[in-house]
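> Just passing along the structure, written as structure tokens.
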Amino acid sequence: MDSIFIRANHSSRYDCKSDDEKYSDDKEGSSNYPFVSALSMSGGNGDNSYSTNSLLQKRVLSRTKAALVENTKEMMISMDFPSCIKVADLGCSSGQNTFLAMSEIVNAINALCKEWNKNPPEIDCCLNDLPSNDFNTTFKFITSFNKKFAREGSCFFSGVPGSFYSRLFPLKSLHLIHSIYSIHFLSKVPDGLEKNKMSVYIASSSPISEYKAYLNQFQKDFTTFLRMRSEEMVSNGRMVLTLIGRKTLDNPLYRDCCHFWTLLSQSLHDLVLDGILSASKVSSFKMPFYDPSKEEVTDLIRKEGSFKINDLETHGFDLGHSVVEDCSLQSHGVKAGQKEASCIRAVTETMLVAHFGDDINIDTLFNKYACRVSQHASCRIKTSVSLVVSLVRK
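Residues 141 to 534 (the numbering used here) make up the sequence shown, in order.
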């Protein structure tokens, strides 16, 4: 049996500001970059949807599922096999990928209960993303999931729309949290960025103040995320987070020439040179994103103090190869470039359209992007990595 419903949620605050003051701060902080409110993966299941272009996330999960399975088992044993557990997937997006993590969790629980001769628990599976997320496409897969992975009446699904930088669940209700490729997205574009740069993100040519602004926003957001989750989780609850990070380098501004945001910046600049977009409009588009180093992540976890770090892994990140299923295509730079362009398009299209409106032709932009990728097909120096951190609620 499956249960499908959407829950509204109310934010709780750990500061002393009133609702009006907090709303005013949020409105002021987002007014310079209103397109951030459109942040969501492309919905549906068409050629340009996130559901169709999320092979990278699927492969990342296959690399990190060992940590998810291990933490699931440790949680069950430490809590003496509770009869009901509540699991949340934060930033679930849409499509079949949403259920990959849930299937690993359910399988791990059932296998462990069989091994220990315990009755499997009922599982409350909560899928969270922003209200603009295409939950309907995701819900279509619930019936097939239950037929394949769950005993009758053992799993119950619900959608929880809202920002994970706010409270989403009742106090001390969650046993296990999973999130993949979501927390690197910030609650807003940082304040104080240079307005005359043609880069959508930090680049080697950026002033050091731009890096500090992004780092400061990540510190605020990630600390808020940890505090909200600490209120919602039971003692000894587990959290497994996977996010895009960067290798530790002496120069925090450095991003390689084939970095995905560098390529997007160059592609937008191509449209400026073609007379399609204005330079001022492009310079005012910045990504609400930050790729932290593992040291920055661990430092914030320790300072916030609610969680113990169980483990932190670093995995290679290669967007170009990760989106090519047929290895024979890798020798064809343009085809590989089209695959990567489709992946980035699925992530950014809603924001690009919200910012540029009718001025931008998305097909033209990502044709430019595909060509840019093909020019860097041999790039082997990657600054991006996947960080996988496992946490235990103290």
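Every residue, glycine too, gets a C-beta built ideally from N, C-alpha and C.
Remember, predicted model here, so these are calculated numbers, not experimental data.
#1: Between the region 296-314 and the region 253-271, are three or more C-beta pairs nearer than 8 Å?
#2: Output the boundary residues of the alpha helix (DSSP H) element that contains His455.
#3: Starting from the Cα of Asp274, find the closest Cα among Thr238, Asn286, Lys258, Thr283 and give me that residue.
#4: Is the shortest distance between the beta-carbon of Thr504 and the beta-carbons of chain B less than 9 Å?
#5: For a test of the three-state rule: what should DSSP assign to Ile245, helix, strand or coil?
#6: With a threshold of 16 other CB atoms inside 10 Å of the CB of His455, please say whether the residue is buried or exposed.
#7: What would DSSP say about Glu436, mapped onto helix, strand or coil?
#8: As an exercise, report each continuous beta strand (DSSP E) stretch of at least 3 residues that is fully enclosed by the region 242-287, in chain order.
#9: Would you call the region 416-427 in contact with the region 362-379, where contact means no fewer than 3 C-beta pairs closer than 8 Å?
#10: What separation, rounded to the nearest whole angstrom, lies between the Cα atoms of Gly169 and Ser306?
#11: State buried or exposed for Arg442, treating a residue as buried only when at least 16 other CB atoms are found within 10 Å of its CB.
#12: Mark Asn100 as exposed unless 16 or more other C-beta atoms lie within 10 angstroms of its C-beta, in which case mark it buried.
#13: Alpha carbon to alpha carbon, how far is Phe285 from Thr277? Give it in angstroms, no decimals.
#14: Return the chain-ordered list of same chain residues with a C-beta closer than 7 Å to the C-beta of Val529, the five sequence neighbours on each side being excluded.
#15: Check this for me: beta carbons of Lys434 and Pro330, under 9 Å apart or not?
#16: Can you tell me whether DSSP reads Gly302 as helix, strand or coil?
#17: Which ranges does the beta strand (DSSP E) cover as unbroken runs of at least 3 residues, wholly within the region 318-360, from first to last along the chain?
#18: Are Pro432 and His318 touching if we call contact CB-CB under 9 Å?
#19: Rounded to whole angstroms, what is the Cα-Cα separation between Thr363 and Arg203?
#20: Quick check on the DSSP output: the beta strand (DSSP E) that includes Val380 runs from which residue to which?
#21: According to DSSP, is Ile521 helix, strand or coil?
#22: Compare the Cα-Cα distances from Ile234 to each of Val209, Asn257, Phe279, Gln357 and report the closest residue.
#23: State the start and end residues of the unbroken alpha helix (DSSP H) segment that holds Val412.
#24: Would you call the CB atoms of Phe429 and Ser526 closer than 9 Å?
#25: Ends of the beta strand (DSSP E) at Leu505?
#26: With DSSP as the reference, please indicate the residues paired to Ile225 in a beta bridge.
#27: So, are the CB atoms of Leu403 and Ser346 less than 9 Å apart?
#28: Within the continuous alpha helix (DSSP H) that includes Lys421, where are the two ends?
#29: Cys397: which of Ala353, Thr504, Ser339 sits nearest, CA to CA?
#30: So, Phe309 versus Lys226, is the Cβ gap smaller than 9 Å?
#31: Taking Lys534 as the reference, which of Val493, Val513, Phe506, Ser446 has the closest Cα?
#32: Between which residues of its own chain and Phe365 is the CB-CB distance below 8 Å, once the five residues before and five after are set aside?
#33: Cα separation between Ser327 and Tyr351?
#34: Could you tell me the distance, in whole angstroms, from the CA atom of Arg485 to the CA atom of Phe506?
#35: Classify Cys265 as buried or exposed, calling it buried when 16 or more other Cβ atoms lie within 10 Å of its own Cβ.
In this structure, then:
#1: Three or more beta-carbon pairs separated by less than 8 Å link the region 296-314 to the region 253-271, which places the two stretches in contact.
#2: Here His455 belongs to no alpha helix (DSSP H); instead the beta strand (DSSP E) covers 447-456.
#3: With distances taken between Cα atoms, Asp274 lies closest to Thr238.
#4: No chain B is present in this structure, which holds just one protein chain.
#5: Helix at Ile245.
#6: Counting Cβ neighbours within 10 Å, His455 comes out exposed, since fewer than 16 surround it.
#7: Judged by DSSP in its simplified three-state form, Glu436 adopts helix.
#8: Entirely contained in the region 242-287, the beta strand (DSSP E) runs reaching 3 residues are, in chain order, 262-269.
#9: The region 416-427, when compared against the region 362-379, does not touch it at the 8 Å Cβ threshold.
#10: Unreliable positioning characterises Gly169 in this predicted model, as indicated by a pLDDT of 45, which lies under 50. The coordinate reading is nonetheless provided below. Looking at the two C-alpha atoms, the distance is approximately 16 Å.
#11: For Arg442, the number of other beta carbons within 10 angstroms of its own is below 16, and it is reported as exposed.
#12: Outside the modelled stretch of the chain, which goes from 141 to 534, sits residue 100, for which no answer is possible.
#13: Cα to Cα, Thr277 sits roughly 14 Å from Phe285.
#14: Taken in chain order, the residues that qualify are Leu381, Val437, Ile449, Leu452.
#15: Not a contact, by the Cβ cut-off of 9 Å.
#16: In the structure shown, Gly302 adopts coil according to DSSP, grouped into three states.
#17: Entirely contained in the region 318-360, not one beta strand (DSSP E) run reaches 3 residues.
#18: No Cβ-Cβ contact shorter than 9 Å links Pro432 with His318.
#19: C-alpha separation (whole angstroms): 26 Å.
#20: Looking at the DSSP string, the run of the beta strand (DSSP E) that includes Val380 is 373-386.
#21: In this structure, Ile521 counts as coil in the three-state DSSP scheme.
#22: The amino acid occupying residue 234 in the given sequence is Ser; Ile does not appear at that position. When each option's Cα is compared against that of Ser234, the closest is Phe279.
#23: According to the DSSP assignment, Val412 belongs to the alpha helix (DSSP H) that extends over 400-413.
#24: No.
#25: Per DSSP, Leu505 is not a residue of any beta strand (DSSP E); the alpha helix (DSSP H) it occupies stretches across 502-515.
#26: Its beta-bridge partners are Ile263.
#27: Contact flag unset, no.
#28: Its alpha helix (DSSP H) spans residues 419-423.
#29: Restricting attention to Ala353, Thr504, Ser339, the CA atom closest to the CA of Cys397 is found in Ser339.
#30: Contact flag set, yes.
#31: Measuring C-alpha to C-alpha distances from Lys534 to each of Val493, Val513, Phe506, Ser446 identifies Ser446 as the nearest.
#32: Cβ neighbours of Phe365 beyond the five flanking positions: Phe304, Tyr305, Ile323.
#33: Computed Cα separation, rounded: 16 Å.
#34: Going from the Cα of Arg485 to the Cα of Phe506 covers about 7 Å.
#35: Answer is buried; the Cβ neighbour count reaches 16.
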